[in-house]
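Each remark here refers to the structure printed beneath this line.
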Amino acid sequence: KGKSKSISPQNSQNSRQQSMMRKFSQAALFLAIGAIPAYADVKVGDEVCITNYIMDQFCINLGHLLDNNAIMTLENPEEHSYHCLLDVPQCRDSGYVVLTDKDETTGMHCLGYRLDDTDTVYQAGIA
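First residue of the sequence shown: 492, per this note's numbering; consecutive thereafter.
Okay, here's the thing in structure tokens:
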């Protein structure tokens, strides 16, 4: 005799947005990057796949999301909107960074890998 749980439209919207952000991140991250210090056997030009949140450099520098200044950029990247990432010129044109996993001691994601090919990220995002 299971209980049914009521899902509010806001929770459903947040869940869909988080799922879409993860899919966007996965699609955008087959990339050729420089060297990854954590993996000594990875060479310059090797293709790697990294799955995590993508953040634009403009919002990172602000310290909060441009479209919601109550949310700290590196604390809750899952709240970042596609509109901000892909439609706002100063965000889209500032470049993208793949964040690392959240540091449990600080509760913040760290900067991971800069994506030099921003057009590929943009095209994956609008697909």
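Glycine included, every Cβ here is placed at the ideal spot set by N, Cα and C. Since we're looking at a predicted model, the values are computed, not measured.
- Around the beta carbon of T542, fewer than 16 other beta carbons lie within 10 angstroms, which makes this residue exposed.
- Out of N560, V533 and G586, the CA that lies nearest to the CA of V612 is found in G586.
- In the structure shown, V612 adopts helical secondary structure according to DSSP, grouped into three states.
- Between the alpha carbons of G598 and V535 lies a distance of about 31 angstroms.
- DSSP places Y544 in the coil class of the three-state scheme, outside both helix and strand.
- In this structure, C582 lies away from T591, with their beta-carbon atoms at least 8 angstroms apart.
- For L556, the beta-bridge partners assigned by DSSP are N559.
- Between L606 and V579, the CB-CB gap reaches or exceeds 8 angstroms.
- By the 16-neighbour rule on beta-carbons within 10 angstroms, T564 is buried.
- I545 is the residue among D610, I545 and D584 whose C-alpha sits nearest the C-alpha of E570.
- With at least 16 other beta carbons inside 10 angstroms of its own, D547 counts as buried.
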